[in-house]
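Numbering (the working numbering), first residue to last: 77 to 276. What follows is a short report on a single structure.
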Amino acid sequence: MWPVRPSTADRRTGSPRPSDSAVGVRILLLALALACSTPDEQPPGEHSTDLGTGRPDQEAWDVIKEVTRNGKLRARITSPHLSKNDREYVSRLDGGVSVVFYSESADSIISTLISQKALIDEGRRILTAMDSVVLESSRGSLLYTDTLRWEEETEMIQGPSKVRIVSDHGVETGIGFEATSNLSTWTLKEVVTRIDTSRG
């Protein structure tokens, strides 16, 4: 093998030929550049740590979940689709959600809730209904809002958004509310309008 002399000229081109040391420096610089470069972003769903993207770990269809207390049925939740990630304690319901609330004796329905989607916090045992939420009591009272939260422990419903309540006594609109699940009583944090249509 012929020894390579530093900066010798190439007979064919007349250009200087790189020395072994120069080639080594280039390789070292290239290795350092690759080590320090930022890796490409991973597409959603492939080893992504964002819990809001990618495929869920669990899915179920035509779901029915029942909430009981002391062995008695308190609520029945139905939805065409449920999804959940193993790292969360939250189940996501979509495609239309229905919740039927029962009396303490579980022998009668006191109200029915419908929404487009909902979240169930299984750790805190709270259901949050979202998007076109309507709660109708067995007496015919109606509550319209976009977000509603039902706490299993207190069996109270509440929400921070605009709300409209229609009952035999009239129509009330406001922002923020708290009510019993059968809509027998409610409180608006901020009353916008109140129209009394009761007779007598």
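Quick reminder that beta carbons are idealized off the backbone N, C-alpha and C, glycines included. Predicted model, so just to flag it, every value in this text is computed and none were measured.
Measure the alpha-carbon distance for S213 versus D162 and round it to whole angstroms.
Using only the alpha carbons, I get a separation of about 35 Å.
Could you spell out the range, first to last residue, of the beta strand (DSSP E) harbouring D197?
It spans 185-197 - the beta strand (DSSP E) in which D197 sits, taken as one unbroken run.
Grab me the residues of M232's own chain with a C-beta within less than 8 Å of its C-beta, minus the 5 sequence neighbours each way, in chain order.
Same-chain partners within the cutoff: W226, E254, A255, T256, S257.
Considering D279, what are the terminal residues of the beta strand (DSSP E) in which it resides?
There is simply no residue 279 to check, as the chain begins at 77 and stops at 276 in what is shown.
In whole angstroms, what is the alpha-carbon distance linking D197 and R270?
If you take the alpha carbons of D197 and R270, they lie about 34 Å apart.
Going by alpha carbons, who is nearest to L259 out of H245, V268, D272, V267?
That would be H245, whose Cα lies nearest to the Cα of L259.
Helix or strand or just coil, what does DSSP make of T204?
Reduced to three states, the DSSP call for T204 is strand.
DSSP three-state call for T273: helix, strand or coil?
In this structure, T273 counts as coil in the three-state DSSP scheme.
I need the boundaries of the beta strand (DSSP E) containing Y220, first residue and last residue.
Taken as a continuous stretch (DSSP letters only), the beta strand (DSSP E) holding Y220 covers 218-227.
How big is the Cα-Cα spacing for R152 and S274?
Straight-line Cα distance between these residues: approximately 33 Å.
Rounded to whole angstroms, what is the Cα-Cα separation between G171 and T188?
When rounded, the distance between both Cα atoms is 17 Å.
Who are the Cβ neighbours of Q192 in its own chain at under 6 Å, not counting the five residues just before and after it?
Closer than 6 Å at the Cβ level, and outside the excluded window around Q192, lie D207, S208.
Which of helix, strand or coil does DSSP assign to Y178?
Strand.
Going straight from the alpha carbon of R145 to that of V267, what length do you get?
Spanning the two alpha carbons is a distance of roughly 34 Å.
Do S155 and Q134 come within 8 Å of each other at the CB atom, strictly closer than that value?
No. Outside cutoff.
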